[in-house]
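Have a look at the structure below, then the notes.
Residue numbers (our numbering), protein chains in the order written: chain A, 1 to 266; chain B, 267 to 532.
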């Protein structure tokens, strides 16, 4: 795993350099399933960049990626790289910042390596299972175990407060009025990184795929935080999930008072 | 005004240095009107820092500030400095980033100078009336005049989607579903700066004071954007306002389709 980690970090910095150099050029932007589901030529190029290097170096590893250069992954047996080449594509397109490369490396379903690289800020969040989490070279301390929900900052987007298939919007309104503040940054992986850093106390999101969360789950786990499906069960990395990631101090109240009572059965 | 601008920029950089040096020390945090209305010793110290320098150099100028070191300002006649020493205090406390110093300088009610300094990122947004807006030394281009609301990113907090005294939450839900994305950064002045930079297409906020918006209004005006009260009228800098700031491309639809129809009469 140490060798795999070194390769992954080397490639992530190289890919970041490719992106930074290309950002002055015009983008080709497509939409995937709808007008707001953007994908750029850069998303594709960067996933291909990783796929080529992984296959050349680790021919027995599998790749589970957003843009189609990976494998048909139906189980997490063996070593699987879960890759979002540009997490926060909307930010990439509109802001040319606030996006990241997210790579989680799992062995037999267990998260071994998590890497989240904020390309423009040049900040790499990194973790290996059992070895702690880092923001560049600074070790991140364990998350607080004592924090009132009323004093917390929670990352969530605005769709939680609209009609949706998962949560009760009235309970979500109550949550917004209960916490100290809410934030929306538009990159799931970066919001995981912010939870691991303790600058968000929790983050909840609808409709995330395994490549959005795989790296963040390793990071957050290394500082004592927890990620589950919104109903409290284990995240299935091979399907879409509504998730909650947070420190242990706010988890019970978030779940018991706000999420579960409004939870819709599908 | 050129001399005033030079002084203001010099002091804002000095204040930024004071803040960065002090950030490793423990904070004294009070709450103002409620648990979530934070004010730190730093907010007070920095306002006092500016008040002392302004009074020593420009004894006839007035100071309109959040923390009480300014003057009792009842009109905008003469030269008035509208100062938020730390805009985004919650971010300052929880994140140690994503906050700024905001200074607007107005003469007889007209915005002459706007300065918004992202202290940790070391980015100064600056504008003088008629002379353009800058992000550090880079001139900001005029905002787009052609942009579909469906392709826009809008800054707003989650309270727009809760019961509130200003807007209809059903109309706001429809807005969230119409735009490409929404963001919440927790610093009004920075969100004005992002509008001026074109990385947000609009920003709407409840309950802002003059010191929150004075600098941003000058900045945004210099790139062709517009700030009004949410009912379309001129912002009264001496009272609390719900405001809309945006580029001209999205303004009409935001107002006519989403804000006005749901507008509550008080």
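Glycine residues also receive a C-beta, built at the ideal position from the N, C-alpha and C atoms. Since we're looking at a predicted model, the values are computed, not measured.
Enumerate in chain order the residues of its own chain whose CB-to-CB distance from residue i is below 7 Å, with the five nearest sequence positions on each side excluded.
| i | result |
| --- | --- |
| residue 145 of chain A | 248 and 249 |
| residue 266 of chain A | The predicted model places residue 266 of chain A with a pLDDT of 45, which falls under 50 and marks its position as unreliable, so this point remains unresolved. |
| residue 457 of chain B | 421, 451, 466 and 469 |
| residue 57 of chain A | 7 |
| residue 189 of chain A | 84, 87, 100, 102, 116, 212, 215 and 216 |
| residue 294 of chain B | 306 and 307 |
| residue 187 of chain A | 87, 88, 91, 98, 99 and 100 |
| residue 54 of chain A | 61, 63 and 81 |
| residue 288 of chain B | 308 |
| residue 30 of chain A | 39 |
| residue 158 of chain A | 184 |
Any idea what DSSP makes of residue i, helix, strand or coil?
| i | result |
| --- | --- |
| residue 112 of chain A | strand |
| residue 287 of chain A | Within the shown structure, residues of chain A are numbered from 1 to 266, placing residue 287 of chain A beyond reach of any answer. |
| residue 267 of chain B | coil |
| residue 167 of chain A | coil |
| residue 368 of chain B | strand |
| residue 537 of chain B | Nothing in the structure corresponds to residue 537 of chain B, since chain B is present only between 267 and 532. |
| residue 538 of chain B | Only positions 267 to 532 of chain B appear in the structure, and residue 538 of chain B is not among them; the question remains open. |
| residue 219 of chain A | helix |
| residue 355 of chain B | helix |
| residue 107 of chain A | strand |
| residue 134 of chain A | strand |
| residue 155 of chain A | strand |
| residue 177 of chain A | helix |
| residue 289 of chain B | coil |
| residue 129 of chain A | coil |
| residue 16 of chain A | helix |
| residue 501 of chain B | coil |
| residue 48 of chain A | helix |
| residue 148 of chain A | coil |
| residue 194 of chain A | helix |
| residue 10 of chain A | helix |
Based on the DSSP output, what are the partners of residue i in its beta bridges?
| i | result |
| --- | --- |
| residue 30 of chain A | A/39 |
| residue 331 of chain B | B/349 |
| residue 408 of chain B | Per DSSP, none; premise fails for residue 408 of chain B. |
| residue 450 of chain B | A/184 |
| residue 383 of chain B | B/367 and B/390 |
| residue 511 of chain B | B/469 and B/493 |
Ignore the nearest five residues each way along the sequence and tell me which others in residue i's own chain have a CB closer than 6 Å to its CB.
| i | result |
| --- | --- |
| residue 169 of chain A | 161 |
| residue 332 of chain B | 350 and 477 |
| residue 373 of chain B | 345 |
| residue 399 of chain B | 393, 406, 462, 485, 488 and 489 |
| residue 260 of chain A | none |
| residue 20 of chain A | none |
| residue 125 of chain A | 116, 135, 193 and 219 |
| residue 69 of chain A | 47, 48 and 51 |
| residue 71 of chain A | 62 and 63 |
| residue 474 of chain B | 454, 507 and 509 |
Report all residues from its chain with a CB closer than 8 Å to the CB of residue i; omit the five preceding and five following residues, and keep chain order.
| i | result |
| --- | --- |
| residue 282 of chain B | 367, 383, 385 and 388 |
| residue 18 of chain A | 45, 46 and 49 |
| residue 176 of chain A | 161 and 182 |
| residue 198 of chain A | 140, 141, 143, 144, 223 and 247 |
| residue 253 of chain A | 149 |
| residue 230 of chain A | 166, 167, 204, 241, 242, 243, 244, 259 and 263 |
| residue 439 of chain B | 427 |
Against chain E, does residue i count as a neighbour if the rule is that its beta carbon must be under 8 Å from one of theirs?
| i | result |
| --- | --- |
| residue 427 of chain B | Although the question refers to chain E, the structure presented lacks it and instead comprises the protein chains A and B. |
Which residues, in order along the stretch 334 to 355 of chain B, keep a beta-carbon less than 9 Å from a beta-carbon of chain A? none
Contact between the stretch 269 to 277 of chain B and the stretch 350 to 365 of chain B is defined here as three or more beta-carbon pairs at a separation below 8 Å; is this criterion met? no
Answer yes if the stretch 303 to 319 of chain B comes into contact with the stretch 439 to 450 of chain B, meaning at least three C-beta pairs across the two stretches below 8 Å, and no otherwise. no
Along the stretch 171 to 190 of chain A, where does the CB come closer than 8 Å to a CB of chain B? Name the residues. 173, 176, 177, 180, 181, 182, 183, 184, 185 and 186
Mind listing which residues of the stretch 122 to 153 of chain A have their C-beta closer than 8 Å to chain B's C-betas, in chain order? 150, 151 and 153
Interface positions of the stretch 459 to 477 of chain B facing chain A (Cβ-Cβ less than 7 Å), listed along the chain: 465
To be precise: take each residue of the stretch 357 to 383 of chain B, compare its Cβ to all Cβ atoms of chain A, and keep it if any distance is under 7 Å. Which residues remain? 360 and 361
Name the residues in the stretch 244 to 256 of chain A whose C-beta lies less than 7 Å from a C-beta of chain B; which are they? none
Tell me, please, whether the stretch 231 to 240 of chain A touches the stretch 325 to 343 of chain B by the rule of three or more beta-carbon pairs shorter than 8 Å. no
Using a Cβ-Cβ cut-off of less than 9 Å, list which residues of the stretch 306 to 318 of chain B approach chain A; keep chain order. none
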